[in-house]
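Worksheet: the structure to be examined is printed underneath.
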Amino acid sequence: ERVIKNALRLWDYQAGPNSMEAVYFTEWFSCFEHQTYDDNFGQNAPYLEYPNERATMQWMKLDTTFALLDKNSTVKKETLRDILLASFQEMAHFIQRNPTLSWYQYKHTQAIHLARIPAFGSDTLAIGGGHGMVNAASQKDGPSWRMIVHFTQPIEAWGMYHSGQSGNPGSPYYLNKLKDWVAGNYYKIHFMHS
1 ERVIKNALRL WDYQAGPNSM EAVYFTEWFS CFEHQTYDDN FGQNAPYLEY
51 PNERATMQWM KLDTTFALLD KNSTVKKETL RDILLASFQE MAHFIQRNPT
101 LSWYQYKHTQ AIHLARIPAF GSDTLAIGGG HGMVNAASQK DGPSWRMIVH
151 FTQPIEAWGM YHSGQSGNPG SPYYLNKLKD WVAGNYYKIH FMHS
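Under the numbering used here, the first residue of the sequence shown carries the number 1, and numbering increases by one thereafter.
Structure, rendered in structure tokens:
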């Protein structure tokens, strides 16, 4: 737990493909949500959506005695500190069982074929980013079109399409750009100025 705590203190908040800290934080927040909401939602917990992460963080800042922090299943009145500590310890146990799990493995980003045919998709992609981040590559979705524009005269722009220019699995242009997309490479876009 001390090793994880120190790693999080020194974390630069980047979620690169090999980041362990991104795993620690995301798993901790997931454990925190389960410990806060599941007990209160009771048997309906599997069918209900948790509040938005931003809403959860906002009430954590504003009200450390938030009513949902107290578990119905215990006699003790839990506080924010209790739930943060319990969820941190739960996350640490998860990390003990998965000590080499990097961020890209944890979030398991894939390029999934529309028809869900595995042979036409990809295995886990070694890519950083994630849900709610600038590089929004999460498990089953991501930024299919990336573009950087420099508003000069003439205009300059660079772009990257997610996988390739053909939806035909037999085409050499099917998934031919996927490695460049994962690496964060871009191609200069040619504009017709006439």
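Ideal placement from N, C-alpha and C gives every residue a C-beta, glycine not left out.
- Secondary structure within the segment 136 to 169: the beta strand (DSSP E) runs of 3 or more consecutive residues, fully enclosed, are 145 to 150 and 156 to 161 (chain order).
- The Cβ neighbour count for residue 21, taken over all protein chains shown within 10 Å, is at least 16; the residue is labelled buried.
- Taking the Cα positions, residue 12 is about 42 Å away from residue 193.
- Within the DSSP bridge table, the entry for residue 188 names 158 as partners.
- Contact annotation: the segment 113 to 130 does not touch the segment 82 to 97, with fewer than three C-beta pairs closer than 8 Å.
- The alpha helix (DSSP H) runs of length 4 or more contained entirely in the segment 21 to 103 are, from start to end of the chain, 21 to 33, 53 to 62 and 80 to 97.
- A contact is defined here as three or more CB-CB pairs under 8 Å, and the segment 21 to 37 meets this definition with respect to the segment 73 to 86.
- A direct Cα-to-Cα measurement between residue 91 and residue 52 gives close to 20 Å.
- The continuous stretches of alpha helix (DSSP H) do not include residue 176, and DSSP gives it neither H nor E.
- In the structure shown, the three-state DSSP call for residue 110 is coil.
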